[in-house]
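Participant: Position one of the sequence shown corresponds to residue 42 (our numbering), numbered consecutively onward.
Here a beta-carbon is modelled for each residue, glycine too, at the ideal position from N, C-alpha and C.
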Amino acid sequence: MAIKNWDATTSRVVYRRLDAGESLNKGIEALAHAEGIREASVMSCIGSLTQLKRRNLCSLERDHERETINEILELVTADGYIQPLEDGEVYVHLHVAAAKPSGEIVGGHCEDATCFTGAFVYLQVIEDTRD
């Protein structure tokens with residue numbers, strides 16, 4: 042696999058508290074739009090969830106195990122990135138780890154999640170310096 046790299050700078054950190062009932066993925070996307078962010082790294086994201094739609098890769102044939110968890114979860118962490126799409130939109134890619142009340146950890150690729158009491162997200166904005 043070829044490694045891609047380019048000159049870029051990290052220009053600023055953007056923070057937002059997502060509200061109860063708000064979509065985690067859509068909330069991060071809305072933050073990107075509001076701040077004019079085209080690319081960023083999710084530095085930190087913690088909070089609580091009432092629903093988590095996740096998927097995990099099960100084989101090299103790109104089969105996915107999908108699951109919707111409908112219970113209160115502690116969002117222990119979320120990592121990911123925001124990338125620009127050709128149509129001017131942005132793509133939010135998140136992986137999460139969340140704890141059930143029993144302490145069992147569930148996680149994987151976050152297709153969407155709903156905040157319970159809220160969530161705090163910090164984005165490190167990446168500015169492309171290519172001419």
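If we ignore side chains and look at the alpha-carbon of each, how far apart do Gln-92 and Lys-141 end up?
Facilitator: Each residue's alpha carbon lies about 11 angstroms from the other.
Participant: According to DSSP, simplified to helix, strand and coil, what is Ile-113?
Facilitator: coil
Participant: Within 10 angstroms of its Cβ, does Ala-73 collect 16 or more other Cβ (buried), or is it exposed?
Facilitator: buried
Participant: Looking at Arg-58 and Phe-161, is the spacing between their C-beta atoms short of 7 angstroms?
Facilitator: yes
Participant: Taking only runs of the beta strand (DSSP E) that begin and end inside the stretch 133-170, which ones reach a length of at least 3 residues, in chain order?
Facilitator: The qualifying runs are 146-169.
Participant: I think His-150 touches Arg-95, with their Cβ atoms under 8 angstroms apart; what is that distance to the nearest whole Å?
Facilitator: 6 angstroms
Participant: Kindly indicate which three-state DSSP category Ile-69 falls into: helix, strand or coil?
Facilitator: Correct three-state label for Ile-69: helix.
Participant: What three-state label does DSSP hand Ala-61 in the structure shown?
Facilitator: DSSP places Ala-61 in coil when its eight states are reduced to three.
Participant: Assuming Ser-85 and Tyr-122 are in contact, meaning their beta carbons sit under 8 angstroms apart, how far apart are those beta carbons, in whole angstroms?
Facilitator: With 8 angstroms as the limit, Ser-85 and Tyr-122 do not qualify as a contact, their Cβ atoms being about 13 angstroms apart.
Participant: From Thr-50, Tyr-163, Val-166 and Thr-158, pick the residue whose C-alpha is nearest to that of Gly-88; which is it?
Facilitator: Thr-158
Participant: I'd like the list of long-range same chain contacts for Thr-51, defined as Cβ closer than 7 angstroms, with 5 residues on each side in sequence excluded.
Facilitator: Gln-165, Val-166 and Ile-167
Participant: Kindly indicate which three-state DSSP category Glu-76 falls into: helix, strand or coil?
Facilitator: helix
Participant: Can you grab the Cα-Cα spacing for the pair Ile-78 / Ile-146, in whole Å?
Facilitator: Rounded to whole angstroms, the gap between the alpha carbons of Ile-78 and Ile-146 is 31 angstroms.
Participant: Excluding the 5 residues preceding and the 5 following Ile-113 in the sequence, name in chain order all residues of the same chain whose CB lies nearer than 8 angstroms to its CB.
Facilitator: Ser-89, Leu-90, Thr-91, Pro-142 and Phe-157
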